[in-house]
Amino acid sequence: MEELMKHLSKIRIPQKTDKIYKDECVYSFDTPDTPTGLYINLTTFLGLGRDHVMNYYDSTQNPVFLHVKRKRKEIPSKQGDGPEKKITRLAIGTADGFTPDQQKYTYHETYQIVMLPNFTTIPYPTDDLPEQVQQAVKCILEAESATKVAEIEALAGTWDGEIKVVSKHAANLKQLDNGKKIPPSGWKCEKCDLTQNLWLNLTDGSVLCGRKFYDGTGGNDHAVEHYRATGYPLAVKLGTITEEGKGDVFSYDEDDMVEDPNLIAHLAHWGINIAQMEKTEKSMIELELDLNQKFGEWVALQESASRLTPLYGPGYTGLTNLGNSCYLNSVMQMLFVIPDFVKRYVDNAPEIFRQNYNDPANEFNVQMAKFGIGLLSGKYSVPPEDENEPRQGIPPRMFKTLVGRGHPGFSSNRQQDAQEFFLQIINIIDEVGQRQRPRQPNPTDCFKFKVEERYRCGRSNKVKYTYRPEYLLPLPIPVEAAVNKEEVAAYEALKSETEAKGQKLDSNTLVRPRIKLSSCLEAFIQPETVEQFYSSALNEKTTAQKTTRFANFPDYLLIHLKKFMMKEDWTPAKLDVAVEMPDLLDLSSLRGHGLQPGEELLPETAGAELPPFIYDSDVLNQLTDIGFPPEACKRALYFTENRGLDAATNWLMEHIADSDFADPFVPPGINAKPKKSKFTINEDALAMVMGMGFTREQATKALRATDNNLERAADWIFSHQAELDAVEIEETDEDESFRDGSPQYKLVGFISHMGTSTMVGHYVCHLLRDDRWVIYNDEKVALSENPPKELGYIYLYQRID
Numbered sequence: 001m002e003e004l005m006k007h008l009s010k011i012r013i014p015q016k017t018d019k020i021y022k023d024e025c026v027y028s029f030d031t032p033d034t035p036t037g038l039y040i041n042l043t044t045f046l047g048l049g050r051d052h053v054m055n056y057y058d059s060t061q062n063p064v065f066l067h068v069k070r071k072r073k074e075i076p077s078k079q080g081d082g083p084e085k086k087i088t089r090l091a092i093g094t095a096d097g098f099t100p101d102q103q104k105y106t107y108h109e110t111y112q113i114v115m116l117p118n119f120t121t122i123p124y125p126t127d128d129l130p131e132q133v134q135q136a137v138k139c140i141l142e143a144e145s146a147t148k149v150a151e152i153e154a155l156a157g158t159w160d161g162e163i164k165v166v167s168k169h170a171a172n173l174k175q176l177d178n179g180k181k182i183p184p185s186g187w188k189c190e191k192c193d194l195t196q197n198l199w200l201n202l203t204d205g206s207v208l209c210g211r212k213f214y215d216g217t218g219g220n221d222h223a224v225e226h227y228r229a230t231g232y233p234l235a236v237k238l239g240t241i242t243e244e245g246k247g248d249v250f251s252y253d254e255d256d257m258v259e260d261p262n263l264i265a266h267l268a269h270w271g272i273n274i275a276q277m278e279k280t281e282k283s284m285i286e287l288e289l290d291l292n293q294k295f296g297e298w299v300a301l302q303e304s305a306s307r308l309t310p311l312y313g314p315g316y317t318g319l320t321n322l323g324n325s326c327y328l329n330s331v332m333q334m335l336f337v338i339p340d341f342v343k344r345y346v347d348n349a350p351e352i353f354r355q356n357y358n359d360p361a362n363e364f365n366v367q368m369a370k371f372g373i374g375l376l377s378g379k380y381s382v383p384p385e386d387e388n389e390p391r392q393g394i395p396p397r398m399f400k401t402l403v404g405r406g407h408p409g410f411s412s413n414r415q416q417d418a419q420e421f422f423l424q425i426i427n428i429i430d431e432v433g434q435r436q437r438p439r440q441p442n443p444t445d446c447f448k449f450k451v452e453e454r455y456r457c458g459r460s461n462k463v464k465y466t467y468r469p470e471y472l473l474p475l476p477i478p479v480e481a482a483v484n485k486e487e488v489a490a491y492e493a494l495k496s497e498t499e500a501k502g503q504k505l506d507s508n509t510l511v512r513p514r515i516k517l518s519s520c521l522e523a524f525i526q527p528e529t530v531e532q533f534y535s536s537a538l539n540e541k542t543t544a545q546k547t548t549r550f551a552n553f554p555d556y557l558l559i560h561l562k563k564f565m566m567k568e569d570w571t572p573a574k575l576d577v578a579v580e581m582p583d584l585l586d587l588s589s590l591r592g593h594g595l596q597p598g599e600e601l602l603p604e605t606a607g608a609e610l611p612p613f614i615y616d617s618d619v620l621n622q623l624t625d626i627g628f629p630p631e632a633c634k635r636a637l638y639f640t641e642n643r644g645l646d647a648a649t650n651w652l653m654e655h656i657a658d659s660d661f662a663d664p665f666v667p668p669g670i671n672a673k674p675k676k677s678k679f680t681i682n683e684d685a686l687a688m689v690m691g692m693g694f695t696r697e698q699a700t701k702a703l704r705a706t707d708n709n710l711e712r713a714a715d716w717i718f719s720h721q722a723e724l725d726a727v728e729i730e731e732t733d734e735d736e737s738f739r740d741g742s743p744q745y746k747l748v749g750f751i752s753h754m755g756t757s758t759m760v761g762h763y764v765c766h767l768l769r770d771d772r773w774v775i776y777n778d779e780k781v782a783l784s785e786n787p788p789k790e791l792g793y794i795y796l797y798q799r800i801d
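Residue 252 in the UniProt record's numbering sits at position 252 of the sequence shown, with consecutive numbering throughout.
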């Protein structure tokens with residue numbers, strides 16, 4: 001106790017604004033459940049694992065910690081409990097959803113006050129403990145953890161998997177008096193022979209079949225077609241109506257499942273007495289759960305038909321799925337198989353951990369280092385003592401909250417697109433790297449390549465070359481190039497014949513179109529005619545031919561197969577195809593060579609000669625109100641020559657998957673802006689500004705802002721005081737960050753997606769590690785028996801030099 005009294009001045013009682021990290025170490029995945037427990041500093045309230053607590057003390061001299069250890073004990077099941085409950089809702093922690101592990105266990109926590117450097121301990125609670133220490137510990141134990149607070153803030157206002165929005169049509173729904181009455185049973189689609197998956201339109205009483213599911217089952221889309229023809233928005237699924245007045249209600253106009261508080265009255269209009277109703281069909285949630293477990297894409301991608309051999313140790317650590325976070329899990333497993341990321345974050349972890357944790361420029365690096373060590377150290381990947389015990393993965397809670405901060409999608413618990421998440425990580429790494437001093441190597445440079453676009457004026461034959469950076473290669477999938485067209489046609493004919501009889505084909509008989517990767521690459525480099533091209537040789541618009549090639553070949557090439565599209569009714573759809581991805585890839589025919597002998601360049605222009613294009617402001621506003629990015633809307637109006645909303649909307653739907661869809665729009669043929677020459681500091685002017693008492697960095701910033709003008713630099717300093725110490729982004733030669741080498745590649749990983757769209761379903765990652773394929777399915781890591789290479793979504797190829 002005497003030693004504790006010496007440190008009372010450093011012990012703080014947490015205030016409301018303090019963040020208390022009591023769930024997990026900020027530098028590792030240690031928790032109170034870890035055998036060595038968690039140490040919570042009583043000065044800063046940072047939680048630390050045993051491997052980090054001594055280093056933290058050495059760097060801060062904050063010596064007093066609350067040590068928390070927690071033991072888990074399984075709650076014994078009672079006899080007569082019956083079979084395992086059936087899951088009927090895609091939710092966690094609800095009576096009819098998935099039960100988290102914590103509801104199957106009880107927990108017992110023990111506490112100690114620990115003082116470093118000698119790890120002197122005092123039991124807690126204990127008599128005669130100073131009031132200040134008692135209050136500090138009490139507040140820590142009662143407070144919400146920083147991790148939980150951040151999750152709540154990130155999820156504020158987002159969909160939680162439970163609540164449906166009340167339809168805007170429910171209060172004043174139009175219902176026709178056409179004399180129609182709906183019987184309590186014996187329903188059949190009014191346009192085909194289907195007797196299941198039937199929907200009652202609440203406006204005119206039509207009974208029609210629903211949408212096709214991605215495995216070919218479901219309906220024949222007659223209810224959707226009826227909405228397109230009539231605009232009647234609400235339909236309820238027959239067979240899901242209960243005597244409580246509940247049922248599956250879909251709003252075609254709002255494109256979502258909704259609540260209809262007036263459903264009882266709306267059903268009564270069609271002679272339906274809900275007191276006599278009994279639920280006889282599966283709800284949409286139950287159907288989705290069934291589809292997710294059917295044989296087919298789900299089984300193939302997860303290799304569920306094989307008894308897979310679990311793998312443990314360094315590099316074989318699984319990740320807990322934090323509510324549809326499988327997209328994050330798959331991307332991060334793939335990134336940390338790449339040496340650039342290991343070197344930047346894992347090898348440099350000691351230096352990263354020495355920096356201030358709460359520095360925004362370092363927080364992301366800490367979490368990346370923590371992530372990489374967690375995956376690669378093997379500390380959290382050990383075989384369970386009981387082979388029947390489920391495998392435990394590390395939960396990337398702090399990382400998920402950090403990278404999703406301020407992003408409406410990634411901060412939610414909804415499924416997201418793995419390709420979009422990869423680009424989010426790229427952007428964050430770039431932003432953090434620009435704020436750091438000294439500047440560190442950017443690990444994302446291993447993906448970076450330049451796309452060469454060559455424009456040839458259709459009338460003058462003169463050419464223009466432009467270059468843009470990319471981090472992944474989006475490839476179209478030309479279904480018309482399938483090598484098994486006859487088999488697919490026979491399957492489609494058989495399916496149509498079977499459905500006409502009111503039956504369904506077994507999903508095992510599914511025949512997918514098979515396309516070669518070479519066909520996708522050919523579609524990517526296929527010459528394209530560009531309308532509205534401004535030719536500086538003619539000083540007017542004309543057409544041009546555009547060809548696309550690689551200007552360099554990066555160390556790692558990420559290929560993104562564009563499987564997702566928008567159907568005519570604006571609902572997302574997925575191409576169910578098999579693309580033959582080779583283990584070895586030769587891209588030599590795709591290399592660009594720049595200006596060739598005999599070619600003449602178009603004159604340089606900044607577009608001053610061309611009258612500015614005036615966008616139709618009314619249509620532009622309507623398009624942005626729909627939700628399209630403003631720059632994409634400008635593109636649509638430019639290329640459709642302001643021909644109205646329908647023309648612009650059709651253009652947007654046709655080009656929504658373009659890689660530059662939302663990039664700043666510059667009319668084709670116009671230079672975005674003249675290339676700036678590299679800034680060179682005037683040393684004499686620099687010395688004079690520094691002589692005024694400013695640092696070299698501040699003086700350099702002022703001279704750069706004023707193009708070395710000494711008089712203006714002095715004025716700039718006194719009028720930009722708030723900017724003097726802001727981090728300066730250095731101008732660098734862009735070409736220096738583009739690596740180049742052989743066009744020969746080998747396949748080393750791929751991420752697969754199962755489900756109807758990027759917003760539902762599941763992601764799985766396969767990686768070639770130690771010359772064998774390994775499947776990473778959230779917390780499950782195992783030797784892959786049949787890697788489904790042809791069903792992937794994102795592929796990782798490594799250059800062979």
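Cβ coordinates follow ideal geometry from the N, Cα and C atoms, glycine included.
Item: Would you list, in sequence order, the uninterrupted beta strand (DSSP E) runs of no fewer than 3 residues that lie entirely inside the segment 180-207?; Value: 198-201
Item: Under 8 Å, with one C-beta from each stretch per pair, do the segment 50-68 and the segment 112-127 reach the 3-pair mark?; Value: yes
Item: List the residues that DSSP assigns as beta-bridge partners of M334.; Value: According to DSSP, which records beta bridges pairwise, M334 is partnered with nothing at all.
Item: So is K6 buried or exposed if we call it buried at 16+ other beta carbons inside 10 Å?; Value: exposed
Item: Near V488, what residues of its chain come up, given a Cβ to Cβ distance below 8 Å and the 5 sequence neighbours on each side ignored?; Value: A482, V511, R512 and P513
Item: If we call anything under 8 Å between Cβ atoms a contact, is Y21 one with G49?; Value: no
Item: How is M257 classed by DSSP in three states: helix, strand or coil?; Value: strand
Item: Evaluate the contact criterion for the segment 516-531 versus the segment 420-428: three or more CB pairs, one atom per stretch, below 8 Å.; Value: no
Item: If you draw a straight line from the C-alpha of D215 to the C-alpha of P612, how long is it?; Value: In this prediction, D215 has a pLDDT of 46, which is less than 50 and means its spatial position is unreliable; what the coordinates show is noted afterwards. Rounded to whole angstroms, D215 to P612 spans 50 Å at the Cα level.
Item: How should E499 be labelled, buried or exposed, when 16 other C-beta atoms within 10 angstroms of its C-beta is the threshold for buried?; Value: buried
Item: Counting C-beta neighbours from all protein chains within 10 Å, is the total for residue 802 16 or more, i.e. buried, or is it exposed?; Value: There is simply no residue 802 to check, as the chain begins at 1 and stops at 801 in what is shown.
Item: By the three-class DSSP mapping on this structure, what secondary structure does F639 have?; Value: helix
Item: For the pair the segment 430-437 and the segment 463-481, tell me if three or more CB-CB distances fall below 8 Å.; Value: no
Item: Express the C-alpha separation of F119 and Y39 in angstroms, rounding to a whole number.; Value: 11 Å
Item: So, Y455 versus V463, is the Cβ gap smaller than 8 Å?; Value: yes
Item: Write down the C-beta distance between E24 and T126 rounded to the nearest angstrom, noting that I regard them as a contact closer than 8 Å.; Value: Their Cβ separation, rounded to whole angstroms, is 27 Å, which puts E24 and T126 out of contact at 8 Å.
Item: When the Cα atoms are used, what is the spatial distance from D801 to I656?; Value: 36 Å
Item: Between T158 and L767, what straight-line distance do the alpha-carbon atoms span, to the nearest angstrom?; Value: Here the model assigns T158 a pLDDT of 37, short of 50, so the residue's position is not dependable, and the following value carries that caveat. Each residue's alpha carbon lies about 33 Å from the other.
Item: Hey, A537 and P603 are a contact pair by Cβ (cut 8 Å); roughly how many whole angstroms apart?; Value: 6 Å
Item: Between the C-alpha atoms of N356 and N362, what's the straight-line distance to the nearest angstrom?; Value: 7 Å
Item: Is the segment 548-566 touching the segment 784-797 in the sense that three or more CB pairs, one from each, lie closer than 8 Å?; Value: yes
Item: Can you tell me whether P674 is buried or exposed, with buried defined as 16 or more other CB within 10 angstroms of its CB?; Value: At P674, the pLDDT of 45 sits below 50, so the modelled position is not reliable and the matter cannot be decided from this model.
Item: Would you call R397 buried or exposed, if buried means 16 or more other Cβ atoms sit within 10 Å of its Cβ?; Value: buried
Item: Counting C-beta neighbours from all protein chains within 10 Å, is the total for E452 16 or more, i.e. buried, or is it exposed?; Value: buried
Item: Excluding the 5 residues flanking M688 on each side, which residues of the same chain have their C-beta closer than 7 Å to its C-beta?; Value: L710
Item: Residues in the same chain with beta-carbon distance under 6 Å from S589, minus the five sequence neighbours each way, listed in chain order, please.; Value: none
Item: Buried or exposed for N172, going by 16 or more other Cβ atoms inside 10 Å?; Value: exposed
Item: I think L202 touches G219, with their Cβ atoms under 8 Å apart; what is that distance to the nearest whole Å?; Value: At roughly 18 Å, the Cβ-Cβ gap does not stay under 8 Å, so L202 and G219 are not in contact.
Item: Is L267 helix, strand or coil when you go by DSSP?; Value: helix
Item: In the structure shown, what three-state DSSP assignment does S588 receive?; Value: helix
Item: Please report the distance separating the alpha-carbon of E351 from that of L335.; Value: 21 Å
Item: CB residue 802 to CB V166, shorter than 8 Å?; Value: Residue numbering for the chain in the displayed model covers 1 to 801; residue 802 lies beyond these limits and cannot be assessed.
Item: Using DSSP with H/G/I as helix, E/B as strand and the rest coil, what is P443?; Value: helix
Item: Grouping DSSP H, G and I as helix and E and B as strand, with all else coil, what is V463?; Value: strand
Item: Which residues in the same chain have their Cβ closer than 6 Å to the Cβ of I729, if we skip the five residues on either side of it in sequence?; Value: Bear in mind that a pLDDT of 39 at I729, under 50, signals an unreliable position, so the number given afterwards is only what the model happens to contain. Only Q434 meet the Cβ criterion.
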